[in-house]
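Here the structure is laid out as C-alpha coordinates; the discussion comes afterwards.
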Amino acid sequence: MNIAIVGLGVIGGSFAMGLQAAGYKNIYGIDINESTVRIAVEQGMIQKGFVEAGDILPEMDIIIISLYPNQIAPFVEQYRNVLKDGAILTDVTGVKTAIIEKVSKVLPSTVDFVFAHPMRGSEKKGIIGADHTRFIGANALITTIPTNKEASLKLIEKLYKEVGFDQVTRVSPEKHDEQIAYVSQLIHVLSVAVVNSTQASEETLMFAGNSFQELTRIADINADLWSELFLNNRTALLKSIEHFEIELDALKYTLEENDDKELKTIFSRAANKRREWY
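In terms of this note's numbering, the sequence shown is residues 591 to 868.
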(Lines of atoms letter the chains of each structure in order from A and count residues from 1; the text may use other names and numbers.)
(Lines give C-alpha, C1' and ligand atoms only; values in the text may rest on other atoms or scores of the structure.)
Protein backbone atom coordinates (compact mmCIF):
# COMPACT_ATOMS: atom_id res chain seq x y z
CA MET A 1 0.00 0.00 0.00
CA ASN A 2 1.40 3.38 -1.05
CA ILE A 3 0.75 6.30 1.30
CA ALA A 4 1.43 9.95 0.46
CA ILE A 5 1.51 12.76 3.00
CA VAL A 6 0.88 16.20 1.56
CA GLY A 7 2.41 18.86 3.79
CA LEU A 8 5.31 17.79 6.00
CA GLY A 9 4.77 20.09 8.95
CA VAL A 10 4.26 19.09 12.56
CA ILE A 11 1.20 16.92 11.91
CA GLY A 12 2.18 15.59 8.50
CA GLY A 13 5.72 14.85 9.64
CA SER A 14 4.46 13.14 12.79
CA PHE A 15 2.15 10.96 10.70
CA ALA A 16 5.07 9.97 8.48
CA MET A 17 7.17 9.03 11.50
CA GLY A 18 4.28 7.25 13.20
CA LEU A 19 3.49 5.18 10.12
CA GLN A 20 7.15 4.25 9.75
CA ALA A 21 7.23 3.16 13.39
CA ALA A 22 4.08 1.10 12.78
CA GLY A 23 5.86 -0.83 10.05
CA TYR A 24 4.61 0.84 6.87
CA LYS A 25 7.31 0.97 4.21
CA ASN A 26 5.94 2.88 1.24
CA ILE A 27 5.56 6.35 2.74
CA TYR A 28 6.03 9.30 0.38
CA GLY A 29 6.09 13.00 1.18
CA ILE A 30 4.98 16.06 -0.75
CA ASP A 31 5.87 19.61 0.25
CA ILE A 32 6.46 22.82 -1.69
CA ASN A 33 9.55 23.50 0.44
CA GLU A 34 12.54 21.62 -0.97
CA SER A 35 14.49 21.83 2.28
CA THR A 36 11.56 20.26 4.16
CA VAL A 37 11.49 17.38 1.69
CA ARG A 38 15.23 16.93 2.03
CA ILE A 39 15.05 16.83 5.84
CA ALA A 40 12.23 14.27 5.71
CA VAL A 41 14.25 12.00 3.43
CA GLU A 42 17.50 12.42 5.36
CA GLN A 43 15.79 11.61 8.67
CA GLY A 44 14.08 8.55 7.22
CA MET A 45 10.55 9.87 7.66
CA ILE A 46 9.69 9.06 4.04
CA GLN A 47 11.05 6.83 1.29
CA LYS A 48 11.01 9.58 -1.28
CA GLY A 49 9.92 13.21 -1.41
CA PHE A 50 8.43 15.47 -4.05
CA VAL A 51 7.74 19.16 -4.48
CA GLU A 52 5.33 18.46 -7.35
CA ALA A 53 2.40 16.34 -6.22
CA GLY A 54 1.46 15.26 -9.73
CA ASP A 55 4.67 13.25 -9.98
CA ILE A 56 3.54 10.69 -7.40
CA LEU A 57 -0.21 10.99 -6.70
CA PRO A 58 -1.31 8.63 -9.51
CA GLU A 59 0.40 5.75 -7.68
CA MET A 60 -0.98 6.49 -4.20
CA ASP A 61 -3.60 4.37 -2.43
CA ILE A 62 -3.96 6.69 0.57
CA ILE A 63 -3.33 10.44 0.55
CA ILE A 64 -3.12 12.27 3.88
CA ILE A 65 -3.64 15.98 3.19
CA SER A 66 -1.97 17.95 5.97
CA LEU A 67 -2.59 21.45 4.63
CA TYR A 68 -4.25 24.57 5.97
CA PRO A 69 -8.06 24.51 5.69
CA ASN A 70 -8.32 26.88 2.74
CA GLN A 71 -5.75 24.91 0.74
CA ILE A 72 -7.53 21.55 0.82
CA ALA A 73 -10.27 22.02 -1.79
CA PRO A 74 -7.94 23.80 -4.26
CA PHE A 75 -5.45 20.94 -3.90
CA VAL A 76 -8.12 18.33 -4.64
CA GLU A 77 -9.38 20.34 -7.60
CA GLN A 78 -5.89 20.78 -9.04
CA TYR A 79 -5.04 17.07 -8.92
CA ARG A 80 -8.47 15.46 -9.26
CA ASN A 81 -7.69 14.11 -12.74
CA VAL A 82 -4.55 12.25 -11.67
CA LEU A 83 -5.92 10.50 -8.58
CA LYS A 84 -5.93 6.74 -8.69
CA ASP A 85 -9.37 5.11 -8.96
CA GLY A 86 -10.31 3.83 -5.52
CA ALA A 87 -7.82 6.06 -3.71
CA ILE A 88 -8.71 7.20 -0.20
CA LEU A 89 -8.05 10.82 0.71
CA THR A 90 -8.13 12.14 4.25
CA ASP A 91 -7.35 15.44 5.95
CA VAL A 92 -6.25 16.55 9.41
CA THR A 93 -7.87 19.95 9.74
CA GLY A 94 -9.79 21.14 12.78
CA VAL A 95 -12.92 22.41 11.03
CA LYS A 96 -15.24 20.28 8.94
CA THR A 97 -18.60 21.56 7.68
CA ALA A 98 -17.21 24.38 5.53
CA ILE A 99 -14.33 22.26 4.24
CA ILE A 100 -16.57 19.31 3.36
CA GLU A 101 -18.85 21.63 1.42
CA LYS A 102 -15.92 23.01 -0.59
CA VAL A 103 -14.25 19.65 -1.21
CA SER A 104 -17.49 17.91 -2.22
CA LYS A 105 -17.86 20.31 -5.14
CA VAL A 106 -14.56 19.21 -6.70
CA LEU A 107 -14.09 15.62 -5.47
CA PRO A 108 -14.20 13.01 -8.26
CA SER A 109 -16.64 10.13 -7.73
CA THR A 110 -13.84 7.59 -8.23
CA VAL A 111 -12.20 8.35 -4.87
CA ASP A 112 -13.34 8.49 -1.24
CA PHE A 113 -12.54 11.33 1.17
CA VAL A 114 -12.56 10.49 4.88
CA PHE A 115 -12.56 13.75 6.82
CA ALA A 116 -10.59 13.35 10.04
CA HIS A 117 -9.26 15.44 12.91
CA PRO A 118 -6.31 14.27 15.04
CA MET A 119 -6.72 15.94 18.42
CA ARG A 120 -3.05 16.59 19.10
CA GLY A 121 -2.00 19.95 17.78
CA SER A 122 1.06 21.99 18.63
CA GLU A 123 2.21 25.57 18.91
CA LYS A 124 5.28 24.49 16.96
CA LYS A 125 5.57 24.97 13.22
CA GLY A 126 7.38 22.99 10.57
CA ILE A 127 8.96 19.61 10.25
CA ILE A 128 11.33 20.23 13.16
CA GLY A 129 8.33 19.85 15.47
CA ALA A 130 7.43 16.39 14.13
CA ASP A 131 7.60 13.53 16.63
CA HIS A 132 6.79 9.84 16.17
CA THR A 133 5.24 9.75 19.66
CA ARG A 134 3.02 12.81 19.18
CA PHE A 135 -0.22 10.87 18.74
CA ILE A 136 0.24 8.26 21.46
CA GLY A 137 -2.76 8.32 23.79
CA ALA A 138 -4.52 11.10 21.86
CA ASN A 139 -8.08 11.20 20.58
CA ALA A 140 -9.20 11.55 16.97
CA LEU A 141 -12.48 12.31 15.26
CA ILE A 142 -13.77 10.94 11.97
CA THR A 143 -16.52 13.08 10.43
CA THR A 144 -18.55 10.87 8.16
CA ILE A 145 -20.43 11.89 5.03
CA PRO A 146 -23.08 9.87 3.12
CA THR A 147 -20.72 8.92 0.28
CA ASN A 148 -18.11 7.32 2.55
CA LYS A 149 -17.51 3.61 2.11
CA GLU A 150 -17.37 1.60 5.32
CA ALA A 151 -14.10 0.01 4.20
CA SER A 152 -12.53 3.45 3.79
CA LEU A 153 -13.64 4.57 7.24
CA LYS A 154 -12.29 1.41 8.85
CA LEU A 155 -8.95 1.73 7.07
CA ILE A 156 -8.40 5.31 8.25
CA GLU A 157 -9.47 4.33 11.77
CA LYS A 158 -6.95 1.48 11.63
CA LEU A 159 -4.14 3.84 10.57
CA TYR A 160 -4.97 6.22 13.40
CA LYS A 161 -4.84 3.41 15.94
CA GLU A 162 -1.54 2.18 14.55
CA VAL A 163 0.18 5.56 14.95
CA GLY A 164 -0.91 5.71 18.59
CA PHE A 165 -4.35 7.26 18.89
CA ASP A 166 -6.36 5.91 21.80
CA GLN A 167 -9.94 6.73 20.88
CA VAL A 168 -11.12 7.26 17.30
CA THR A 169 -14.74 8.41 17.27
CA ARG A 170 -17.15 8.94 14.39
CA VAL A 171 -19.24 12.13 14.54
CA SER A 172 -21.26 14.29 12.18
CA PRO A 173 -19.54 17.38 10.72
CA GLU A 174 -22.04 19.63 12.50
CA LYS A 175 -21.45 18.08 15.91
CA HIS A 176 -17.70 18.19 15.34
CA ASP A 177 -17.71 21.91 14.63
CA GLU A 178 -20.07 22.75 17.49
CA GLN A 179 -17.99 20.88 20.06
CA ILE A 180 -14.60 22.00 18.71
CA ALA A 181 -15.78 25.61 18.87
CA TYR A 182 -16.14 25.13 22.63
CA VAL A 183 -13.37 22.76 23.70
CA SER A 184 -10.64 24.14 21.43
CA GLN A 185 -11.36 27.37 19.61
CA LEU A 186 -12.98 29.21 22.53
CA ILE A 187 -9.98 28.32 24.70
CA HIS A 188 -7.70 29.92 22.13
CA VAL A 189 -9.98 32.97 22.07
CA LEU A 190 -9.63 33.30 25.85
CA SER A 191 -5.87 32.88 25.79
CA VAL A 192 -5.40 35.50 23.08
CA ALA A 193 -7.80 37.92 24.79
CA VAL A 194 -6.09 37.56 28.17
CA VAL A 195 -2.65 38.22 26.71
CA ASN A 196 -3.88 41.21 24.69
CA SER A 197 -5.93 42.69 27.55
CA THR A 198 -2.96 44.16 29.43
CA GLN A 199 0.44 45.69 28.85
CA ALA A 200 2.43 42.95 30.54
CA SER A 201 6.00 43.70 31.56
CA GLU A 202 8.80 41.78 33.21
CA GLU A 203 7.45 43.05 36.52
CA THR A 204 3.99 41.68 35.70
CA LEU A 205 5.43 38.25 35.02
CA MET A 206 7.05 38.23 38.45
CA PHE A 207 3.53 37.87 39.85
CA ALA A 208 2.48 35.09 37.47
CA GLY A 209 2.09 31.50 38.62
CA ASN A 210 1.37 28.25 36.83
CA SER A 211 -2.24 29.13 36.04
CA PHE A 212 -1.18 32.21 34.06
CA GLN A 213 1.47 30.27 32.20
CA GLU A 214 -0.92 27.43 31.36
CA LEU A 215 -3.70 29.73 30.16
CA THR A 216 -1.43 31.90 28.01
CA ARG A 217 0.66 29.08 26.52
CA ILE A 218 -1.59 28.69 23.49
CA ALA A 219 -1.56 32.42 22.79
CA ASP A 220 1.74 31.69 21.02
CA ILE A 221 -0.48 30.96 18.08
CA ASN A 222 0.00 30.21 14.39
CA ALA A 223 -1.89 33.25 13.12
CA ASP A 224 -2.29 32.03 9.53
CA LEU A 225 -3.70 28.65 10.54
CA TRP A 226 -5.96 29.77 13.35
CA SER A 227 -7.48 32.66 11.43
CA GLU A 228 -8.60 30.09 8.84
CA LEU A 229 -9.92 27.75 11.52
CA PHE A 230 -11.87 30.51 13.24
CA LEU A 231 -13.38 31.96 10.07
CA ASN A 232 -14.34 28.58 8.62
CA ASN A 233 -16.19 27.81 11.86
CA ARG A 234 -17.33 31.31 12.72
CA THR A 235 -21.04 30.50 13.25
CA ALA A 236 -20.37 27.83 15.87
CA LEU A 237 -17.54 29.83 17.44
CA LEU A 238 -19.67 32.96 17.75
CA LYS A 239 -22.30 30.92 19.60
CA SER A 240 -19.65 29.66 22.02
CA ILE A 241 -18.36 33.19 22.57
CA GLU A 242 -21.91 34.44 23.21
CA HIS A 243 -22.51 31.71 25.82
CA PHE A 244 -19.21 32.60 27.46
CA GLU A 245 -20.10 36.30 27.50
CA ILE A 246 -23.31 35.47 29.39
CA GLU A 247 -21.31 33.68 32.08
CA LEU A 248 -18.69 36.43 32.19
CA ASP A 249 -21.39 39.08 32.59
CA ALA A 250 -22.98 37.08 35.40
CA LEU A 251 -19.65 36.84 37.20
CA LYS A 252 -19.00 40.55 36.66
CA TYR A 253 -22.44 41.41 38.04
CA THR A 254 -21.84 39.48 41.28
CA LEU A 255 -18.67 41.51 41.80
CA GLU A 256 -20.45 44.79 41.12
CA GLU A 257 -23.17 43.82 43.60
CA ASN A 258 -20.68 42.45 46.14
CA ASP A 259 -22.80 39.27 46.15
CA ASP A 260 -20.78 36.75 48.13
CA LYS A 261 -23.49 34.07 48.04
CA GLU A 262 -23.97 34.12 44.25
CA LEU A 263 -20.22 34.24 43.65
CA LYS A 264 -19.78 31.06 45.68
CA THR A 265 -22.65 29.44 43.77
CA ILE A 266 -20.95 30.21 40.46
CA PHE A 267 -17.64 28.81 41.71
CA SER A 268 -19.28 25.66 43.09
CA ARG A 269 -21.17 25.00 39.87
CA ALA A 270 -17.95 25.21 37.87
CA ALA A 271 -16.03 23.02 40.32
CA ASN A 272 -18.72 20.35 40.25
CA LYS A 273 -18.80 20.32 36.45
CA ARG A 274 -15.02 19.99 36.28
CA ARG A 275 -15.09 17.02 38.67
CA GLU A 276 -17.76 15.35 36.54
CA TRP A 277 -15.55 15.71 33.45
CA TYR A 278 -12.34 14.42 35.02
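The C-beta atom is built at its ideal place from N, Cα and C for all residues, glycine as well. Note that the structure is a prediction, hence the values are computed from the model and not measured.
{"Query": "Presumed contact (8 Å Cβ cut-off) between I875 and I654, rounded CB distance", "Result": "Residue 875 lies beyond the residue range present for the chain, which begins at 591 and ends at 868; the question has no answer from this structure."}
{"Query": "Straight-line gap, S787 to A798 (C-alpha atoms, nearest Å)", "Result": "15 Å"}
{"Query": "Nearest residue (CA-CA) to L657, options A861, N623 and E837", "Result": "N623"}
{"Query": "Those residues which DSSP pairs with I729 across a bridge", "Result": "According to the sequence provided, residue 729 is Asn. The question's Ile does not apply to it. BP columns for N729 point to M709 and Q757."}
{"Query": "Between the CA atoms of I652 and K751 - distance to the nearest angstrom", "Result": "16 Å"}
{"Query": "From E642, I717, D721 and L731, residue whose alpha carbon lies closest to that of T680", "Result": "L731"}
{"Query": "Outcome for D621 when other beta-carbon atoms lying within 10 angstroms are tallied against a minimum of 16", "Result": "buried"}
{"Query": "4-residue-minimum alpha helix (DSSP H) runs that sit fully inside the stretch 770 to 805, ordered along the chain", "Result": "776 to 786 and 792 to 795"}
{"Query": "Nearest residue (CA-CA) to R628, options K863, I718 and R760", "Result": "I718"}
{"Query": "Identity of the residue in G599, V704, S858 and Q769 nearest R677 by Cα", "Result": "The question names Arg, but residue 677 in the sequence shown is Ala. Minimum Cα distance to A677 is reached at V704."}
{"Query": "Beta-carbon proximity check, E866 vs A826, cutoff 9 Å", "Result": "no"}
{"Query": "Which of helix, strand or coil DSSP assigns to Y614", "Result": "coil"}
{"Query": "Enclosing beta strand (DSSP E) for K829 [first to last residue]", "Result": "It is not in any beta strand (DSSP E) - K829 instead sits in the alpha helix (DSSP H) that spans R824 to E846."}
{"Query": "I662 classed as buried or exposed, judged by whether at least 16 other C-beta atoms fall within 10 angstroms", "Result": "buried"}
{"Query": "Inter-residue spacing [alpha-carbon to alpha-carbon] between L883 and T806", "Result": "Since the displayed the chain opens at 591 and closes at 868, residue 883 lies outside it and no answer follows."}
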